[in-house]
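**Student:**
In our numbering, the protein residues as written are 51 to 911.
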């Protein structure tokens with residue numbers, strides 16, 4: 051039906067589809083409640099979730115409103131008052147009346163549907179709204195008889211009458227973009243009924259551009275084809291999915307309505323990826339291009355130059371795959387007669403290279419080299435393999451691009467072969483890339499370059515020097531690694547990317563060796579340089595961000611590490627420990643529930659494919675998180691000190707740390723002995739920061755010898771971790787409640803919630819014994835705050851106790867400043883009974899007074 055009225059039907063499974071849309075829902079709700087606003091325009095491409103969002107808004111408003119839905123269509127748009135005709139027919143009115151009469155009749159009919167409840171008019175597919183109906187809705191809203199919720203597929207151009215409401219500031223515009231990985235994961239988990247691996251989520255989200263409808267279609271297609279399978283309770287992809295089977299439900303009908311000339315334009319744009327508007331005007335008529343833009347099949351890409359693309363990247367891939375070979379060749383000949391391949395925009399390089407090869411055309415070597423660089427940037431390994439087959443022996447840089455992409459995708463056997471072939475080529479830049487990758491492969495068990503000693507003594511390119519510094523770092527030569535990386539960074543003639551890579555690398559050996567402040571200063575410089583960099587290959591950005599995460603994490607600043615981990619997650623294809631960065635940061639900062647959600651599917655994925663040996667780290671972190679939550683009670687190989695070997699010694703060291711921490715929840719004495727021994731070995735090797743962290747955990751498990759080490763391990767360092775170590779060591783050795791309180795404050799500042807609570811509890815015991823009320827009060831506040839910050843999964847053995855509805859209301863009122871007498875009058879209790887209830891609430895929430903209760907008001911809500 052074109053029109054319907056209801057009191058907001060219950061939602062069915064829309065919660066997952068609306069994951070990540072809370073901000074947009076709140077904006078729409080404000081537009082329906084704030085004075086002077088008449089509603090919202092909800093804008094986004096087909097399948098993005100406009101109708102689901104509007105339904106969620108109506109659901110939030112409850113049963114006291116009536117929603118009248120107008121579902122527009124292209125057929126109704128050709129008739130005046132087309133979408134209102136069911137109302138006029140029910141009223142026994144002939145449509146050919148004057149507008150005043152029709153507005154009055156339609157208004158009475160809509161008000162009759164609403165009765166005495168609040169009225170909201172929902173307009174679906176408003177792109178097809180005729181001017182007569184738009185005029186009626188404009189008048190109806192401006193006279194405050196109803197609010198409007200209008201769903202549009204495009205923002206411009208659309209109905210001028212509705213646009214006037216927006217330009218006048220009477221309605222809010224809410225744009226819906228694609229889902230991020232977190233929201234897509236919740237949608238896929240809900241749809242499939244099992245957790246989905248982070249790698250699979252990233253690939254499906256990237257291919258569907260985050261469009262919920264496209265994402266569900268793609269996941270369903272991959273499941274039916276057997277590519278998306280469940281392994282150990284986690285959904286994983288066997289291989290990279292293709293977009294050819296992905297087709298929006300309304301795409302065929304939209305394409306079938308096009309005349310041949312318009313279809314040519316759509317196919318040109320789909321095959322080329324993006325075309326300059328000036329060139330597209332030569333390939334087709336301007337009127338047809340304008341009409342396709344208005345209908346939402348084409349869009350203008352913002353930025354320098356005027357480029358035209360299809361409405362979504364995923365749609366472009368589907369349309370391009372449906373073009374027959376003979377037609378594709380004919381279109382290619384027309385395209386190249388108008389567009390010079392040497393002047394293609396960046397967005398067109400990879401699609402046009404695929405297009406040329408598919409019709410049997412070989413791009414010129416210089417064009418192929420440019421397309422190869424772009425393919426490396428976007429991670430298109432298929433195109434790189436094709437170009438390498440054609441030009442790899444004559445254009446070494448194409449083979450170097452393929453080599454770097456193979457390393458980014460963990461294809462080490464193929465990378466080893468390519469590196470050997472490139473070492474002897476005449477192109478110095480390509481040979482340097484090959485040498486750098488050989489050094490990286492050597493650190494993971496591959497053969498060393500025969501000329502390594504000579505390379506160390508000679509003057510090399512920045513690429514080789516960065517690789518040598520990385521090799522020194524993996525060999526625990528911290529001073530040599532930092533010095534060589536600094537030389538690359540200090541040379542201002544090097545590119546911004548080379549200097550950013552160097553300073554990011556330098557941060558690691560500095561932090562590990564105990565120069566934490568200098569290392570974190572390098573992190574800040576690298577982040578600043580990263581913001582200035584242009585569009586770099588995925589592998590370069592991933593390398594820099596992963597190093598910054600490791601440096602921050604190893605420095606003990608888990609709060610900052612968690613923020614960096616979220617940035618690492620935005621990389622489409624991350625390497626190394628990037629697969630587990632988020633889980634590690636969440637475990638150490640007390641977000642146990644979220645850590646388990648991340649680590650459980652990641653462990654399953656790494657057990658099947660783990661070229662860097664990070665599965666042991668993920669398993670140990672998962673075991674510690676499970677035991678923290680009280681759900682990991684079984685024996686583990688980690689309890690006996692068995693840790694899976696990794697390609698990086700720091701990864702093995704962190705895995706051993708988590709294994710000992712997990713053992714400490716079952717056998718504190720044995721775990722403390724392990725940690726003390728590990729700390730002494732690391733301190734002897736010069737990894738003083740890593741040693742300090744082992745001593746901290748051993749001290750937490752009751753080892754006084756470790757506390758003695760804490761007094762000297764970072765003695766010359768002024769950073770927060772060093773202050774934490776000294777305060778914790780003095781607190782235990784000297785039995786000082788004030789030092790333990792200081793250690794707790796430092797731990798909280800660094801985001802180590804577990805250590806903060808333990809140190810605060812130790813301070814409480816000693817302060818009570820010393821009758822220091824001020825210290826005990828402050829320590830209780832810190833302990834309670836850390837306890838509330840711990841996030842344990844439902845069903846865990848421990849965790850903050852829940853408040854009843856009555857206790858929640860009482861606590862909220864007390865936090866607002868109501869006295870016990872006022873609370874008693876409100877809840878029909880005596881003031882003494884109110885105080886009794888509040889004392890119970892204080893104990894449950896780990897607070898000691900109303901001031902602290904006010905600080906956790908949001909948590910209570």
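All residues carry an ideal CB built from backbone N, CA and C; glycine is no exception.
So, are the CB atoms of residue 421 and residue 449 less than 8 Å apart?
**Tutor:** Not closer than 8 Å, so no.
**Student:** Roughly how many whole angstroms lie between the Cα atoms of residue 570 and residue 487?
**Tutor:** About 27 Å.
**Student:** With respect to the beta strand (DSSP E) encompassing residue 90, which residues constitute its N-terminal and C-terminal limits?
**Tutor:** That run of the beta strand (DSSP E) goes 89-93.
**Student:** Tell me which same chain residues have a C-beta within less than 6 Å of the C-beta of residue 832, skipping the five on either side of it?
**Tutor:** Answer for residue 832: 794 and 810, listed in chain order.
**Student:** Got a sec, what are the start and stop residues for the beta strand (DSSP E) residue 389 sits in?
**Tutor:** First-last for residue 389: undefined, no H or E at that position.
**Student:** Within this structure, are the beta carbons of residue 388 and residue 308 separated by less than 8 Å?
**Tutor:** Not a contact, by the Cβ cut-off of 8 Å.
**Student:** Contact check, residue 287 vs residue 250 under 8 Å by CB: the rounded distance?
**Tutor:** Confirmed, Cβ separation roughly 4 Å.
**Student:** State the Cα-Cα distance for the pair residue 84 and residue 169, rounded to the nearest angstrom.
**Tutor:** Taking the straight line from one Cα to the other gives about 15 Å.
**Student:** Alpha carbon to alpha carbon, how far is residue 731 from residue 474?
**Tutor:** One C-alpha to the other measures close to 42 Å.
**Student:** Could you name the residues that DSSP lists as bridge partners for residue 923?
**Tutor:** Only positions 51 to 911 of the chain appear in this structure, which leaves residue 923 out of reach.
**Student:** Have a look at residue 268 and residue 675 and give me their C-alpha separation to the nearest angstrom.
**Tutor:** If you take the alpha carbons of residue 268 and residue 675, they lie about 33 Å apart.
**Student:** How many angstroms separate the CA atom of residue 854 from the CA atom of residue 861?
**Tutor:** Computed Cα separation, rounded: 10 Å.
**Student:** According to DSSP, what are the bridge partners of residue 404?
**Tutor:** Beta-bridge pairing links residue 404 to no other residue.
**Student:** Give the straight-line distance between the Cα atoms of residue 273 and residue 514, rounded to the nearest whole angstrom.
**Tutor:** About 44 Å.
**Student:** Quick one: what's got a C-beta closer than 8 Å to residue 609's C-beta in the same chain, skipping five residues either side?
**Tutor:** Excluding positions up to five away in sequence, the list reads 639, 799, 800 and 801.
**Student:** Are the CB atoms of residue 440 and residue 452 nearer to each other than 8 Å?
**Tutor:** No, these two residues do not count as a Cβ contact at 8 Å.
**Student:** Using the three-state DSSP reduction, which class does residue 255 fall into: helix, strand or coil?
**Tutor:** It is helical.
**Student:** With DSSP collapsed to three states, give me the class of residue 373.
**Tutor:** Here residue 373 sits in coil by DSSP.
**Student:** Hey, how far is the Cα of residue 775 from the Cα of residue 764?
**Tutor:** Computed Cα separation, rounded: 8 Å.
**Student:** Below 8 Å, can you find three or more Cβ-Cβ pairs linking the stretch 101-119 to the stretch 230-244?
**Tutor:** Cβ pair count under 8 Å is below three, so no.
**Student:** Given this structure, state the Cα-to-Cα distance separating residue 419 from residue 594, to the nearest angstrom.
**Tutor:** Roughly 25 Å between the two C-alpha positions.
**Student:** Quick check for students: name the residue ranges of the alpha helix (DSSP H) that lie wholly in the stretch 556-618, counting only runs of 4 or more.
**Tutor:** The qualifying runs are 566-582, 588-604 and 608-618.
**Student:** Are the stretch 217-234 and the stretch 93-104 touching by the rule of at least three beta carbon pairs closer than 8 Å?
**Tutor:** Yes, the stretch 217-234 touches the stretch 93-104.
**Student:** What would DSSP say about residue 289, mapped onto helix, strand or coil?
**Tutor:** It is coil, neither helix nor strand.
**Student:** Can residue 897 and residue 884 be called in contact, C-beta distance under 8 Å?
**Tutor:** Not in contact: residue 897 and residue 884 (Cβ atoms no closer than 8 Å).
**Student:** Compute the beta-carbon to beta-carbon distance between residue 326 and residue 357, rounded to the nearest angstrom, for a pair I have assumed lies under 8 Å.
**Tutor:** Their Cβ separation, rounded to whole angstroms, is 6 Å, which keeps residue 326 and residue 357 in contact under 8 Å.
**Student:** Going by the beta-carbon positions, is the gap between residue 712 and residue 679 smaller than 8 Å?
**Tutor:** Contact: no.
**Student:** Count the other C-beta atoms from every protein chain shown that fall within 10 angstroms of the C-beta of residue 35, then say buried if there are 16 or more, exposed otherwise.
**Tutor:** Residue 35 cannot be examined here, being either before or after the span of the chain that is shown, 51 to 911.
**Student:** Among the candidates 559, 329 and 756, whose CA atom is the shortest distance from the CA of residue 391?
**Tutor:** Of 559, 329 and 756, the residue nearest in Cα terms is 329.
**Student:** Can you tell me where the beta strand (DSSP E) holding residue 168 begins and where it ends?
**Tutor:** Note, residue 168: beta strand (DSSP E), 168-174.
**Student:** May I ask you to report which of helix, strand or coil DSSP gives residue 197?
**Tutor:** Three-state DSSP puts residue 197 in a strand.
**Student:** Sorted by chain position, which residues of the same chain lie with C-beta nearer than 8 Å to residue 346's C-beta, five sequence neighbours on each side aside?
**Tutor:** Result list for residue 346: 95, 96, 177, 203, 204 and 361, in chain order.
**Student:** What are the boundary residues of the alpha helix (DSSP H) that residue 650 is part of?
**Tutor:** First-last of the alpha helix (DSSP H) with residue 650: 642-658.
**Student:** CB-CB under 6 Å to residue 710, same chain, minus the five flanking residues each way: which ones, in chain order?
**Tutor:** Cβ neighbours of residue 710 beyond the five flanking positions: 721, 724 and 725.
**Student:** Should residue 454 go down as buried or exposed, given a rule of 16 or more other Cβ atoms within 10 Å for buried?
**Tutor:** Flag for residue 454 reads buried.
**Student:** Do residue 556 and residue 735 have their C-beta atoms closer together than 8 Å?
**Tutor:** Their beta carbons are not under 8 Å apart, which means residue 556 does not touch residue 735 by this criterion.
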